[in-house]
Amino acid sequence: MKDHDDYKEIRKRLKNWYLIHARKLPWRFNTHVYGTWLSEVILQQTRMEVGVKKWKEIIASFPTVKHLAEASEDQILKAWEGLGYYRRARFLHKAAQIINCNGAFPTSYNQWLKLPGIGSYTAAAISSITFNEEVAAVDGNVKRVISRLIGLEEPVDTSIGSKRIHHVAKLLLDIENPGNHNQAMMELGALICKPKKPICNSCPISNQCFSSSNEELLKKIPSKVKPKKIKYIELIWHLVRYKTFIVTIQFPSDGIWGNLWGFPHHKPSNNSFLKIKTLKPVVHLLTHKKIHATFFMWEASNKHVFQDYASSINGKVIPMCDLKKLAMPRILTKHILPIITT
């Protein structure tokens, strides 16, 4: 893979392979910019099978960017529930409001970069797929494909490694159909050039690949710098109720679960509260974080002390049957709500 003919052959093989093997994803049937943009934001940190389901749900709830822009933040966060990384949802909402205000979607890579939550990869993917702009989209799949293709020894997440990958991505780009080319590269990484056990004998560019069928190289490439250490977090939540009502709080916008809803960390100090039980501790994993959570359930003896407690922590009292209407982190929707709302 050293000259113009090599790149030309790779483009040709990728194109033919993609035409046959491309997954039938819902946003590919209609490359309207709204659906493409939404899919790219959802899939930034989400498995494909989960992303497809959520994309359909969000499109059904907010069929146009105008619907998305005019929704409340709580509605957006609730629709996003289960995907995690809720800052993506808040950026999506802000970007929708900007687009709606401008009256049109951005039409170029540089214009997309100006919107909240849009980085180099996302801008390149959207502008190439929907506007045929000649720009290479480089995500994790593409980094893996190219690093193996050229036998890259430098870690892909260093400046040197990243520059080499982007340089090759530009040389490989099919300028006649950049959108399909970018999708073909990503598809190859997702279906064939997998992180573990790549299927080299089914790869359309294996003959041009430096690492093909070399198990030792495939284990080493792509390499990354040493990952961050896991941070351990201990949390205590208090589920304080009175009859069929419960106290909820909204988390700070700059925290792990910005603007989502949950339960207080403040223990009721008044003797008028009775601890009913301690729920089974929960261990919940996030990227670079391991959360150990303990939950205590309390019952207020009367309405007055219950409301005083809620006011003292700036909490919100709601019927317990309405808990599922709030946008909450998965640690609560998965482990706690099924116990207390049944």
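Taken in order, the sequence shown gives residues 26 to 367; the numbers are from this note's numbering. C-beta atoms are modelled at their ideal positions from N, C-alpha and C, and glycine is treated no differently.
7 Å CB neighbourhood of residue i in its chain, flanking five on each side removed
{"i": "P344", "result": "T269 and F270"}
{"i": "L285", "result": "L102, Y111, F276, A352, M353 and P354"}
{"i": "L357", "result": "G287"}
{"i": "E158", "result": "S133, Y134, S152 and P203"}
{"i": "A150", "result": "E65, A162 and N207"}
{"i": "S86", "result": "A104"}
{"i": "C225", "result": "S231, S237 and S238"}
{"i": "G109", "result": "Q70 and R355"}
Anticipated Cβ contact below 8 Å, residue i with residue j, distance rounded
{"i": "G340", "j": "P277", "result": "In fact, because the Cβ distance is near 14 Å, the residues do not count as touching under 8 Å."}
{"i": "H118", "j": "L140", "result": "H118 to L140, Cβ: 11 Å. No contact."}
{"i": "G142", "j": "R113", "result": "6 Å"}
{"i": "I35", "j": "Q233", "result": "5 Å"}
{"i": "W137", "j": "A121", "result": "13 Å between Cβ atoms; not a contact."}
{"i": "R115", "j": "E98", "result": "7 Å"}
{"i": "K91", "j": "N125", "result": "5 Å"}
{"i": "K305", "j": "H263", "result": "Incorrect: roughly 16 Å between the Cβ atoms, too far for contact."}
{"i": "N295", "j": "Y334", "result": "7 Å"}
{"i": "I274", "j": "I361", "result": "Contact flag wrong, Cβ pair sits at about 14 Å."}
Burial state of residue i (16 or more Cβ within 10 Å)
{"i": "N131", "result": "Reading off the sequence, residue 131 comes out as Pro, not Asn. When all chains shown are included, P131 counts as buried."}
{"i": "Y257", "result": "exposed"}
{"i": "I83", "result": "buried"}
{"i": "C228", "result": "buried"}
{"i": "L197", "result": "buried"}
{"i": "T89", "result": "exposed"}
{"i": "I255", "result": "exposed"}
{"i": "G60", "result": "buried"}
{"i": "V308", "result": "exposed"}
{"i": "L310", "result": "exposed"}
{"i": "D164", "result": "buried"}
{"i": "P223", "result": "buried"}
{"i": "I45", "result": "exposed"}
Residues near residue i by beta carbon distance below 6 Å, same chain, minus five either side
{"i": "E106", "result": "A352"}
{"i": "A325", "result": "Y267, F298 and F331"}
{"i": "K253", "result": "H313"}
{"i": "G76", "result": "I67 and L68"}
CB contact below 8 Å: residue i versus chain C
{"i": "H191", "result": "Annotation note: the requested chain C is absent from the structure, which comprises a single protein chain."}
Same chain, Cβ closer than 8 Å to residue i, five either side skipped, listed in chain order
{"i": "L63", "result": "W52, W80, I83, I84 and L117"}
{"i": "T366", "result": "M345, C346, L348 and K349"}
{"i": "F235", "result": "M26, R173, L174, I175, G176 and L242"}
{"i": "H192", "result": "none"}
{"i": "P180", "result": "G186, P247, S248, K249 and V250"}
{"i": "W323", "result": "H263, L264, V265, R266, P293, F298, L299, K300 and I301"}
{"i": "I364", "result": "L304"}
Original post:
Considering only residues of the stretch 176-243, which uninterrupted alpha helix (DSSP H) runs meet the minimum length of 4 residues and lie entirely inside it, listed in chain order?
Top reply: Here the runs fully enclosed are 184-197 and 203-216.
Original post:
Does the stretch 45-58 touch the stretch 243-253, meaning 3 or more C-beta pairs lie closer than 8 Å?
Top reply: When Cβ pairs closer than 8 Å are counted between the two stretches, the stretch 243-253 is seen not to touch the stretch 45-58, the count staying below three.
Subject >> At least 3 beta-carbon pairs within less than 8 Å: the stretch 155-174 vs the stretch 209-222 >> reply: Touching, yes, given that three or more Cβ pairs across the two stretches are closer than 8 Å.
**OP:** Please determine if the stretch 30-45 and the stretch 188-202 are in contact, where contact requires at least 3 C-beta pairs separated by less than 8 Å.
**Re:** A contact is defined here as three or more CB-CB pairs under 8 Å, and the stretch 30-45 meets this definition with respect to the stretch 188-202.
Original post:
Counting Cβ pairs closer than 8 Å, one from the stretch 318-332 and one from the stretch 64-84, do we hit at least three?
Top reply: Short answer: they don't touch.
**OP:** At 3 residues or longer, and completely inside the stretch 285-356: list those beta strand (DSSP E) runs for me, N to C.
**Re:** Taking only runs of at least 3 residues, the beta strand (DSSP E) segments lying wholly in the stretch 285-356 are 298-303, 307-311, 314-325 and 341-344.
Original post:
Whole beta strand (DSSP E) runs in the stretch 35-109 with 3 or more residues, listed along the chain?
Top reply: For the beta strand (DSSP E) assignment, the stretch 35-109 encloses no uninterrupted run of at least 3 residues.
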